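Reading through the structure tokens given below for one structure.
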Amino acid sequence: MKIVVIGGTGLIGSKLVKMLHEHGHEAVAASPDTGVNTLTGEGLADALKGASVVVDVSNSPAWDDAAVMKFFETSTRNLLTYEAAAGVRHHVALSVVGTDRLSESGYMRAKIAQEKLIKGSSIPWSIVHATQFFEFLKGLADISTDGSKVRLPHVLFQPMAADDVASALAKIAAGPPVNGTVEIGGPEQFRLDDLVRRRLAALKDPREVIADPKALYSGAKLGERTLVPGNDARLGQTTFETWLIQSGGKIPSAKSPAA
Ligand SMILES: NC(=O)c1ccc[n+]([C@@H]2O[C@H](COP(=O)([O-])OP(=O)(O)OC[C@H]3O[C@@H](n4cnc5c(N)ncnc54)[C@H](OP(=O)(O)O)[C@@H]3O)[C@@H](O)[C@H]2O)c1
571 MKIVVIGGTG LIGSKLVKML HEHGHEAVAA SPDTGVNTLT GEGLADALKG ASVVVDVSNS
631 PAWDDAAVMK FFETSTRNLL TYEAAAGVRH HVALSVVGTD RLSESGYMRA KIAQEKLIKG
691 SSIPWSIVHA TQFFEFLKGL ADISTDGSKV RLPHVLFQPM AADDVASALA KIAAGPPVNG
751 TVEIGGPEQF RLDDLVRRRL AALKDPREVI ADPKALYSGA KLGERTLVPG NDARLGQTTF
811 ETWLIQSGGK IPSAKSPAA
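In this note's numbering, the protein residues as written are 571 to 829.
See below:
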């Protein structure tokens, strides 16, 4: 099966392309790096020729509210139009657990807009809601830094390894469209401030992490369970400790501003 991975050069995309190849699919990485730009439509018609499935794991390169909204709205519209013309039979997109509960965040409003376009299109679809990636913990500290302190609420948190995100996506992309949302998450629950503190300690990052009930996440207030998936979520196997050992303290790229 030909499966085009939009954002196939990114953190999740590059893992997904490799896994799909290993499973015997013709997986094509599509991104500006490979001559495909969903914002302008450049290269899309060629990339989608003969494709059965498209998996969108792209992310906006610019992080302010207006730019993120423009990215997800324009890219998704273009993508769905080109997919319809090419006869694509399944559109899979990666989004974030709790998106609808996080609409105070400009980034999440853009993800909500992306999802709405997918649900209203003629292409059968599957939306995958993932919890935050372990690879994003340092980025999360960076967007929550105030001077030399990182402020985060002491709420429940169930992040997962990017490898487990990619393998869940690979299964869903190879299966029938669910025309619904599938939640995926990590195997353990933590407190948000505790885990970011542990991640910074492992990186020997001197920033102090303060539990602050008023601190926002990407501009949104968090409740105790806002970031936690429901009981039906499919859980990855990689624990935080295993991931820490495997990643050897390196900071793999997860450029996502907010998710
Ligand atoms: N971070 C988290 O914890 C988290 C949690 C849940 C869900 N998510 C979602 O996961 C998705 C992927 O995140 P990621 O960390 O893997 O992203 P990433 O590493 O930042 O990769 C982004 C990808 O998007 C591509 N891209 C950028 N502009 C494009 C354009 N105009 N046309 C086509 N492709 C374009 C990039 O291509 P180039 O390399 O060519 O620039 C790159 O391949 C995002 O949608 C995010 O919302 C993230």
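C-beta: ideal position from N, C-alpha, C; glycine also. Predicted model only: the values in this text are computed from it and were never measured.
W695 - DSSP class collapsed to helix/strand/coil: Strand.
Three-way DSSP call (helix, strand, coil) for K791 in this model: Assigned with DSSP and collapsed to three states, K791 falls in coil, not helix or strand.
DSSP-derived helix/strand/coil call for R777: In the three-state scheme derived from DSSP, where H, G and I count as helix and E and B as strand, R777 is classed as coil.
Classify K741 as buried or exposed, calling it buried when 16 or more other Cβ atoms lie within 10 Å of its own Cβ. With fewer than 16 Cβ atoms within 10 Å of its Cβ, K741 is classed as exposed.
Can you round the beta-carbon distance between S628 and K572 to whole angstroms, since I take them to be within the 8 Å contact cut? Taking a contact as a CB-CB distance under 8 Å, the pair S628 and K572 does not count as one, their CB atoms being some 18 Å apart.
State whether the stretch 705-712 contacts the stretch 743-756, with contact taken as three or more CB pairs (one from each stretch) at a distance under 8 Å. Taking 8 Å as the limit for Cβ pairs, the verdict is that the stretch 743-756 does not touch the stretch 705-712.
Quick check on E811: buried or exposed, where buried means 16 or more other Cβ atoms within 10 Å of its Cβ? Here E811 is exposed. Its C-beta has fewer than 16 other C-beta atoms within 10 Å.
Are at least three pairs of beta-carbons, each pair with one atom in the stretch 585-603 and one in the stretch 639-648, less than 8 Å apart? No: fewer than three Cβ pairs fall under 8 Å.
Got a sec: does ligand 1 put a non-hydrogen atom nearer than 7 Å to the Cβ of K784? Not one heavy atom of ligand 1 falls within 7 Å of the beta-carbon of K784.
Less than 8 Å between the beta carbons of V725 and T796, yes or no? Closer than 8 Å, so yes.
Span of the alpha helix (DSSP H), counted from its first residue to its last, around R721: Not the alpha helix (DSSP H): R721 falls in the beta strand (DSSP E), residues 719-722.
Buried or exposed: where does I754 fall if 16 or more other Cβ atoms within 10 Å of its Cβ makes it buried? Label assigned to I754: buried.
Exposure of S826, with buried meaning 16 or more beta-carbon neighbours within 10 Å: With a pLDDT of only 47 at S826, under the threshold of 50, the placement of this residue in the model should not be trusted, and no figure is reported.
Mind the definition here: the stretch 754-763 touches the stretch 804-818 only if three or more C-beta pairs lie below 8 Å; say whether that holds. Using a Cβ-Cβ distance cut-off of 8 Å, the stretch 754-763 and the stretch 804-818 are in contact, since at least three pairs of beta carbons, one from each stretch, lie closer than that value.
Assuming G676 is part of the alpha helix (DSSP H), what are its boundary residues? Segment 676-689, the alpha helix (DSSP H) holding G676.
Please go through the same chain and pick out, in chain order, the residues whose beta-carbon is closer than 7 Å to the beta-carbon of S714, but skip the five residues on each side of it. Hits under 7 Å: V720, R721, L722, A785.
Would V779 and L770 be called neighbours here (beta carbons separated by less than 8 Å)? Yes, the pair counts as a contact, with Cβ atoms nearer than the cut-off.
Quick one: Cα of N801 to Cα of S737, how far? If you take the alpha carbons of N801 and S737, they lie about 20 Å apart.
Residue interval of the beta strand (DSSP E) (run including S665): First-last of the beta strand (DSSP E) with S665: 660-666.
Looking only at C-alpha atoms, which of L581, H593, G577 sits nearest to G745? When L581, H593, G577 are compared, the shortest CA-CA separation from G745 is found for H593.
In angstroms with no decimal places, state the Cα-to-Cα distance between V587 and E685. Rounded to whole angstroms, the separation of the alpha carbons of E685 and V587 is 22 Å.
I think I576 touches D616, with their Cβ atoms under 8 Å apart; what is that distance to the nearest whole Å? Not confirmed; about 14 Å, so no contact.
How is the beta strand (DSSP E) around T751 delimited, first residue to last? First-last of the beta strand (DSSP E) with T751: 751-755.
Return the CA-CA distance between T669 and P799, expressed in angstroms with no decimal places. Going from the Cα of T669 to the Cα of P799 covers about 11 Å.
Ignore the nearest five residues each way along the sequence and tell me which others in K774's own chain have a CB closer than 6 Å to its CB. For K774, where only same-chain residues beyond five positions count, there are no Cβ hits under 6 Å.
Go through its chain and collect everything with a Cβ distance to K619's Cβ below 8 Å, but skip five positions before and after it. Once the five neighbours on either side are set aside, the close Cβ partners of K619 are A656.
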